[in-house]
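Numbering (full-length UniProt numbering), first residue to last: 1 to 308.
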């Protein structure tokens, strides 16, 4: 079900879309993160009830239960370093986000202590500190850099255990209102952009265009080749931007007041995903034309985008 509301005078249109179905019995408390398998058949989610569960994406039926994880997190991949810590990985402060490099032999983590570290999964060892900031790093995103971008040169030859880092740029969403780009292999800074408030999350739209979401609700679109000024600043709510997901020719954003919307270049309206009311929507995942959201109210919502 959906309804399209337009204001011709302001040239603004929004389509409000209700969930196709909701899953209320996966968790008993707030769902902090979720993801959908590459084939779309399975979902996985974490909750403040202390569990991580794998479930059927079609009907929410539980397939696997796990409760031995520290799953009160803002990114499902945080469970990965929690598991790795049992194999010998050590962290000085809380891990706020992670990113998998290439096929997964290396993993990146960012922490409240302001560091971003590269880890060797096979040997449970830190391969180096990619960045050491003066404030917490709330989120990271890894992407392939545009060929015109100068990523710098490593001061020393990379370890033979470092795999798939060449030509990659790492985005850092920092608490001190800064969005930073770092060459992954070189460990050299590429750019530094100062926003209006703390950055919570970031993502790549392409090898040149990126997004970053701030605590004050601003979403910045930037060109990594010139970050002196943003291409545009999107502001639909004053609530914190909690997640950003590239989707087709645009993106999906979720915020702390329950706002969750989709922006597409080929649509003349914004698509709002409804029913979260004022509860934060912590994470969004997609598979083809199906969108899944997780919320503080403990419900996973599934939307079908038949118009896209």
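We put the beta carbon where it would ideally sit given N, CA and C, even for glycine.
Source: prediction; values computed, not measured.
| Check | Outcome |
| --- | --- |
| Can you say whether residue 87 is buried or exposed, counting buried as having 16 or more other CB atoms within 10 angstroms of its CB? | Because the pLDDT at residue 87 is just 46, under 50, the model does not fix this residue reliably, and the value given afterwards should be weighed accordingly. When all chains shown are included, residue 87 counts as exposed. |
| Counting only beta-carbon separations shorter than 7 angstroms, does residue 290 have a partner in chain D? | Going by chain labels, chain D is absent from the structure shown, which holds only one protein chain. |
| Apart from the five residues on each side of it in sequence, which residues of its chain come closer than 7 angstroms, Cβ to Cβ, to residue 232? | 221 |
| How is residue 10 classed by DSSP in three states: helix, strand or coil? | coil |
| Using DSSP bridges, identify the partner residues of residue 290. | 287 and 304 |
| Quick one, are the C-beta atoms of residue 179 and residue 199 less than 7 angstroms apart? | yes |
| Out of 136, 140, 94 and 245, state which residue places its alpha-carbon closest to the alpha-carbon of residue 100. | 140 |
| Does residue 189 come out as helix, strand or coil in the three-state DSSP assignment? | strand |
| State the Cα-Cα distance for the pair residue 242 and residue 216, rounded to the nearest angstrom. | 11 angstroms |
| Work out the CA separation of residue 269 and residue 8 for me, nearest whole Å. | 12 angstroms |
| Which class does residue 96 belong to by DSSP, given the choice of helix, strand or coil? | strand |
| Who are the near neighbours of residue 276 in its chain, counting only those whose CB is closer than 6 angstroms to its CB and skipping five residues on each side? | 258 and 295 |
| Taking all protein chains shown into account, decide if residue 189 is buried (16 or more other Cβ within 10 angstroms of its Cβ) or exposed. | exposed |
| Does DSSP put residue 269 in a helix, a strand or coil? | coil |
| Roughly how many whole angstroms lie between the Cα atoms of residue 250 and residue 210? | 11 angstroms |
| When the Cα atoms are used, what is the spatial distance from residue 192 to residue 58? | 42 angstroms |
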